[in-house]
Amino acid sequence: MGNSVGRLLEKLSCTHKEVRIVMLGLDAAGKTSIMYKLKLGEYVRSIPTIGFNIEKVEYKSILFTLWDAGGQEQIRHLWRHYIRAAQGVIFVVDSCDHERTEQAKEELTQVMANPDVAHMQVLVLANKHDLPHAMPLLETIDKLGLRSVKQKKWHIQTCSARTGEGLHQGLDWLASTLT
Numbered sequence: 720m721g722n723s724v725g726r727l728l729e730k731l732s733c734t735h736k737e738v739r740i741v742m743l744g745l746d747a748a749g750k751t752s753i754m755y756k757l758k759l760g761e762y763v764r765s766i767p768t769i770g771f772n773i774e775k776v777e778y779k780s781i782l783f784t785l786w787d788a789g790g791q792e793q794i795r796h797l798w799r800h801y802i803r804a805a806q807g808v809i810f811v812v813d814s815c816d817h818e819r820t821e822q823a824k825e826e827l828t829q830v831m832a833n834p835d836v837a838h839m840q841v842l843v844l845a846n847k848h849d850l851p852h853a854m855p856l857l858e859t860i861d862k863l864g865l866r867s868v869k870q871k872k873w874h875i876q877t878c879s880a881r882t883g884e885g886l887h888q889g890l891d892w893l894a895s896t897l898t
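No gaps in the numbering here: position 69 of the sequence shown is 788 in the working numbering, and each next residue is one more.
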């Protein structure tokens, strides 16, 4: 019994840093699937997000509150409101959507230029990297124009919402920049 009380006290005394992260990206990039893979540990096929979803994910003594904002063109103007309340940004890109890479670049450029993002870390997740036609990482960096981003702390990580590959490496980077 003493051991159980000790573990309970240890859990209660463990302080967690709480951080709000906004997840942005074009529609169908996989933002919601990534959020639920991190939260539940399993792939969840989702419907398009209208508005936003919020989930809490505990990772490495940090309690991430993830705001998954819808990516449809008609609601992207709302992103700035979510950004204001955030302490970091995860921008999700569909590595297989070659036709909309330029559009993703434009949206990412706008996010990076937002004054509220000036002191935030930006994690770019190149999702669906497990699929056969996914762009290689260096090509994704070039097509998103990330090499020219010098004034902001950013990191890009290939990942798969389906398998979970790369998600923890991305969160590792984000966690290390927030502590």
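For each residue, glycine too, the CB sits at the ideal point set by N, CA and C.
- The three-state reading of DSSP puts GLY749 in coil, since its state is none of H, G, I, E or B.
- A direct Cα-Cα distance of roughly 12 Å separates GLY864 from GLN829.
- Looking at the backbone, the Cα of TRP798 and that of MET839 are separated by about 15 Å.
- Apart from sequence neighbours up to five positions away, no residue of its chain approaches GLY760 with a beta-carbon distance below 6 Å.
- Contact between GLN888 and GLN876 holds, since their C-beta atoms are separated by about 5 Å, short of 8 Å.
- With contacts defined by Cβ atoms closer than 8 Å, LYS847 and GLY744 do not form a contacting pair.
- Taking the Cα positions, ALA823 is about 7 Å away from VAL812.
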